[in-house]
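Inspection log for the structure reproduced underneath, given as structure tokens.
There are 2 protein chains.
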Amino acid sequence: MKFQAVRGTRDCYPDQMRLRNFIMEAWRRVSLRNGFEEYDSPIFEYLDLFTAKSGDEIASQLFSLTDRGGRNLAIRPEMTPALARMVNARVNALPQPIKWFSIGRCCRAERPQKGRTREFFQWNADVIGTNDVLADAECIFVCTDLLREVGLTSQDVKIHIGSRPLTIAALESVGINGSQADQVLPILDKRPKLTDETFRELMAGVGLDSKQIDAISQFQDCGSPDEVRQVLGELPNTDEPLATLGALLDRLAELGVSDYCRLDLRIVRGLAYYTGVVYEVFDTEHSLRAIGGGGRYDNLLEVLDGPQLGATGFGMGDVVLGIVLDEKGKLPQLSRRLDFFVIDGDDGQFSNVMNVVGRLRSGGLSADFSYTRRSIGKQLKEANKRGAKQAVIVRGDQVDIKDLSTGSQHNTSTSSFLGSLARN
Amino acid sequence: MKFQAVRGTRDCYPDQMRLRNFIMEAWRRVSLRNGFEEYDSPIFEYLDLFTAKSGDEIASQLFSLTDRGGRNLAIRPEMTPALARMVNARVNALPQPIKWFSIGRCCRAERPQKGRTREFFQWNADVIGTNDVLADAECIFVCTDLLREVGLTSQDVKIHIGSRPLTIAALESVGINGSQADQVLPILDKRPKLTDETFRELMAGVGLDSKQIDAISQFQDCGSPDEVRQVLGELPNTDEPLATLGALLDRLAELGVSDYCRLDLRIVRGLAYYTGVVYEVFDTEHSLRAIGGGGRYDNLLEVLDGPQLGATGFGMGDVVLGIVLDEKGKLPQLSRRLDFFVIDGDDGQFSNVMNVVGRLRSGGLSADFSYTRRSIGKQLKEANKRGAKQAVIVRGDQVDIKDLSTGSQHNTSTSSFLGSLARN
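Residue numbers (the numbering used here), protein chains in the order written: chain W, 28 to 451; chain E, 28 to 451.
Here is the structure:
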């Protein structure tokens with residue numbers, strides 16, 4: 028074909044759309060029942076909003092455009108910068124904590140690969156206006172609530188929870204500070220994807236000796252706050268992050284989702300702006316990219332010209348989630364459904380068909396009919412194909428109502444049939 | 028503020044989002060009950076898809092960008108080109124007629140004004156694969172079904188129905204053909220917005236004399252097919268479009284929506300690709316831009332490299348619809364709702380609050396709680412503010428359930444409260 032979709036984008040035919048809507052409706056339903064309110068931002072922003080948050084290097088990953096005045100714009104690659112911009116603009120009027128979610132179309136000019144498209148939808152849920160780790164616990168709960176809602180059990184997926192300040196304290200305990208720590212964090216973030224050899228090479232490359240690398244590795248492999256205390260010993264900077272982590276795990280237990288959660292200090296998250304608890308959601312085989320991830324970012328609103336305000340939240344994309352559901356055999360059967368398929372029982376009945384169809388639809392019921400005038404048998408076949416629950420065969424002022432799952436049929440007057448529906 | 032939304036785009040705070048969702052949910056509900064299936068296309072396409080449909084001049088109204096290979100892309104200004112592309116790509120596999128709808132974010136680099144933003148949502152419903160005017164009737168019915176669904180009566184809004192082939196036949200009847208007709212059609216499209224004087228000047232400017240202008244005006248002012256027959260007399264080219272228009276009006280009467288529809292031959296639609304019935308939806312005062320519009324476009328799929336295939340459909344934007352609902356006083360009250368607000372009745376009960384909240388949400392119920400530990404009275408106030416139906420005051424293994432609309436209250440054990448919900 029001469030005209031094609033742009034590489035890395037997806038055409039969403041009705042079959043795929045039903046799956047996308049299944050995911051989006053679950054995102055929305057779970058968000059609302061957890062007390063979050065929906066917002067949305069424009070699909071594009073001034074470029075400097077994104078570079079202010081993520082640095083100039085982000086520009087190469089953006090689809091950029093210009094407005095009539097020649098100013099640089101970009102399609103949003105994520106929701107958080109606009110969220111911060113919107114909150115900052117009304118920060119004095121909004122009651123806190125602000126619990127907001129969004130289901131946003133985002134684009135990144137990256138190379139397409141498994142689980143990564145250039146256009147995707149991302150669910151975001153954030154709590155802004157509190158430093159309490161309760162907010163982090165709630166966000167992680169919302170994540171598990173969604174996973175359970177779409178049928179993924181704690182055998183299928185796990186939320187791996189780390190801590191930025193604890194990781195930084197561990198680095199400090201072996202003498203790694205400031206700019207050297209900034210170089211180490213991205214390597215730690217990549218560690219789960221690296222061989223041990225490559226990991227050690229990269230760490231040595233930024234100036235760490237073998238003993239330091241061993242100590243950091245040992246810290247990252249700790250499975251509980253107690254183990255961290257044993258490994259790191261008594262350090263002034265670990266008390267608070269360890270207490271926070273302990274409180275988080277307590278809250279998650281109270282909320283009943285410990286089975287979905289595990290401490291995993293190898294999680295540090297790539298982005299520089301995280302300041303507290305961080306987490307990523309993975310399939311238990313760890314065979315795919317992260318399904319989602321998030322954490323605390325207490326400085327972002329200030330960076331974007333607002334007040335210093337505690338903030339935490341997560342994002343989850345539709346692409347990897349769809350793949351996980353598929354691979355775990357949890358994709359739902361989503362077929363077309365119709366309440367009624369209306370059929371002309373005799374020649375010359377089509378205007379009565381139109382009339383019944385119009386009345387049913389106006390009454391809020393789904394109804395359809397055949398565009399082609401043909402035998403009752405063929406129309407019944409079409410009714411079955413369309414997933415109709417009942418066929419309505421119109422004969423003058425009478426209708427035969429046929430239940431298409433049981434095959435049972437009864438006859439009544441058109442007016443009493445329509446009247447009975449109106450009363451429901 | 029340093030960071031702002033791009034001019035002509037809209038930040039959607041929760042209040043506005045509830046209205047947007049109200050409109051979108053009505054669009055989706057009405058589409059589904061009329062037997063349409065949802066699809067979506069990428070937010071951007073190769074530029075040539077849009078220029079192939081609408082000519083090179085469209086490029087100046089587009090937000091354009093480039094991919095990594097330097098090819099020209101543009102954000103979609105409407106859904107129809109991608110719809111045609113997607114149908115063409117699978118035309119042999121898709122059962123016809125194809126009845127599809129979409130709710131698409133679109134962008135146009137136009138000057139913002141009342142009812143026109145640079146970013147908007149457009150609902151589209153199309154029937155592809157039949158030349159039968161039945162499909163046009165069904166699309167117009169879907170339009171009225173939506174208008175009624177959101178509370179707009181036939182006193183508030185009207186669908187004005189014209190006919191491209193009839194208009195062309197009328198032009199031919201006074202000797203206007205080919206390229207001269209192509210110049211006249213855009214002037215006719217603008218006529219409702221022009222003074223009579225300006226209209227006549229523009230018509231004279233493309234070479235029409237006074238008699239021709241009078242004849243065309245008289246034709247456009249006809250209120251029924253019979254009147255058209257009287258004005259135009261017996262002409263070979265008018266029989267078919269008149270019969271089609273008559274059949275359309277019959278179908279709309281059978282479907283029970285004649286009150287929303289009126290013949291209005293001043294409607295010709297600006298775009299060149301319409302080939303049959305055309306229509307636009309206006310508020311009855313005609314004080315605003317069109318709420319929506321559509322028509323038959325039997326050649327578009329072929330232009331975009333596919334087969335010649337009958338096609339008809341319409342689009343409706345969220346911006347003007349929102350303004351009409353507001354101006355007619357039909358904006359719904361959309362406040363936050365919550366099933367339960369959970370409160371710690373005594374000190375030290377917070378972990379029990381967490382537990383109850385987790386259980387309620389996991390069971391599919393909406394529940395929230397106060398982030399701040401404070402008196403029951405203050406928490407009850409917060410519950411009311413949040414639109415909670417019931418407050419759950421936790422005291423050990425007991426809960427007081429308070430109905431916040433009636434004020435009635437009863438006590439039960441936490442386990443029997445949670446158990447009773449699970450059974451529903």
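Even for Gly, the Cβ is constructed at its ideal location relative to N, Cα and C.
Please classify residue i: does DSSP put it in a helix, a strand, or coil?
i	result
E/E105	coil
W/D248	coil
E/G232	helix
E/L43	Reading off the sequence, residue 43 of chain E comes out as Gln, not Leu. DSSP places E/Q43 in helix when its eight states are reduced to three.
W/L365	strand
W/L259	helix
E/E137	coil
E/L495	Residue coverage of chain E in this structure runs from 28 to 451, which leaves residue 495 of chain E outside it and unanswerable.
E/V426	strand
E/D395	strand
E/R60	helix
E/G322	strand
W/F341	strand
E/E312	coil
W/D38	coil
Just to check my reading of the structure: residue i and residue j have Cβ atoms closer than 8 Å, yes? What is that Cβ distance to the nearest angstrom?
i	j	result
E/Y73	E/R98	6 Å
E/S292	E/G202	Per the sequence shown, residue 292 of chain E should be read as Leu rather than Ser. Rounded, the Cβ-Cβ distance is 19 Å, inconsistent with contact.
W/T441	W/D424	5 Å
E/V57	E/L221	Contact flag wrong, Cβ pair sits at about 34 Å.
W/K80	W/V295	Contact doesn't hold; Cβ gap of about 18 Å is too wide.
E/K357	E/L179	6 Å
Between which two residues does the beta strand (DSSP E) holding residue i run?
i	result
W/L92	91-93
W/C134	125-134
W/T439	436-440
W/Q149	146-155
E/A418	415-422
E/I294	No beta strand (DSSP E) contains E/I294, which DSSP labels as neither H nor E.
W/M118	Checking the sequence shown, residue 118 of chain W turns out to be Val, not Met. Segment: none, W/V118 is in no beta strand (DSSP E) and carries neither H nor E.
For the alpha helix (DSSP H) containing residue i, list its first residue and its last residue.
i	result
E/S81	74-81
E/L387	377-389
E/I214	205-217
W/G404	403-412
E/R191	191-200
E/T271	266-281
E/V169	160-176
E/I318	Unbroken run through E/I318: none, as it is neither H nor E.
W/V330	327-330
For residue i and chain E, any beta-carbon pair shorter than 7 Å?
i	result
W/Y300	no
W/S244	no
W/R422	no
W/L336	no
W/L76	yes
W/C249	no
W/C39	yes
W/M44	yes
W/I85	no
W/L282	yes
Hey, does residue i have any beta-carbon neighbour from chain W nearer than 7 Å?
i	result
E/T157	yes
E/K29	yes
E/R388	yes
E/L448	no
E/R112	yes
E/T107	no
E/A32	yes
E/N382	yes
E/T194	no
E/P104	no
E/G385	yes
E/Y306	no
Sort out for me which residues DSSP pairs residue i with in a bridge.
i	result
E/H187	E/R289, E/E307
E/I370	E/I420
W/I113	The sequence shown places Met at residue 113 of chain W, not Ile. DSSP lists no partner for W/M113.
Please report whether the beta-carbon of residue i lies at a distance below 7 Å from any beta-carbon of chain C.
i	result
W/P69	Absent here is chain C; the protein component of the structure consists of chains W and E.
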